[in-house]
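Worksheet: one structure, shown below.
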Amino acid sequence: QSFGELALLHEAPRAATVVATAPSCIWSLDHASFRTLLRDHAIRRREMHTEFLKSVKLLQRLDLLAISQLVDSVRVEVFYEGE
651 QSFGELALLH EAPRAATVVA TAPSCIWSLD HASFRTLLRD HAIRRREMHT
701 EFLKSVKLLQ RLDLLAISQL VDSVRVEVFY EGE
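Heads up, the sequence shown is in this note's numbering, so the first residue is 651 and it goes up one at a time.
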């Protein structure tokens, strides 16, 4: 489980204190590292979606600007067999 993500997002103190009730392994992450992880993930996601859309035959006539605008609208949906 995790806690403090809103504090990391907003660079604010945590709103609550967590007390472990069993032996635990605790990891901490500073704001700068958290923001770097978010930025890197967003870049990788954008690159992955760009490459996918460029491979769609129907979209191959679009220039990179148009593909980039489409990437901004991409929403991933996962479907399992039988859905």
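The beta-carbon is built from N, C-alpha and C at its ideal position, and this holds for glycine as well.
Open item on the list: Residues in the same chain with beta-carbon distance under 6 Å from Leu-709, minus the five sequence neighbours each way, listed in chain order, please.
Closed with: As a first step, residue 709 is located in the sequence shown; it is residue number 59 there, counting from the start. For Leu-709, where only same-chain residues beyond five positions count, the Cβ hits under 6 Å are Leu-703.
Task: Beta-carbon spacing of Val-721, His-699 below 7 Å - done: Taking the first residue of the sequence shown as 1, we reach residue 721 at position 71. Taking the first residue of the sequence shown as 1, we reach residue 699 at position 49. Against a cut-off of 7 Å, the Cβ pair of His-699 and Val-721 comes out as a contact.
Task: Option in Arg-711, Arg-695 and Val-706 with minimal Cα separation from Val-726 - done: Looking up residue 726 in the sequence shown gives position 76. It is Arg-695.
Open item on the list: Going by C-alpha to C-alpha distance, which of His-681, Glu-697 and Phe-729 sits closest to Ala-662?
Closed with: Numbered from its first residue, the sequence shown carries residue 662 at position 12. Ranking His-681, Glu-697 and Phe-729 by Cα distance to Ala-662 puts His-681 first.
Open item on the list: Starting from Lys-704, trace the alpha helix (DSSP H) in both directions and tell me its first and last residue.
Closed with: Counting from one through the sequence shown, the residue named residue 704 turns up at place 54. Looking at the DSSP string, the run of the alpha helix (DSSP H) that includes Lys-704 is 681–705.
TODO: Pull up the distance between the alpha-carbon of Val-706 and that of Phe-729, whole angstroms please.
DONE: For the purposes of this step, residue 706 is taken as the residue at position 56 of the sequence shown. For the purposes of this step, residue 729 is taken as the residue at position 79 of the sequence shown. Cα-Cα distance, rounded: 19 Å.
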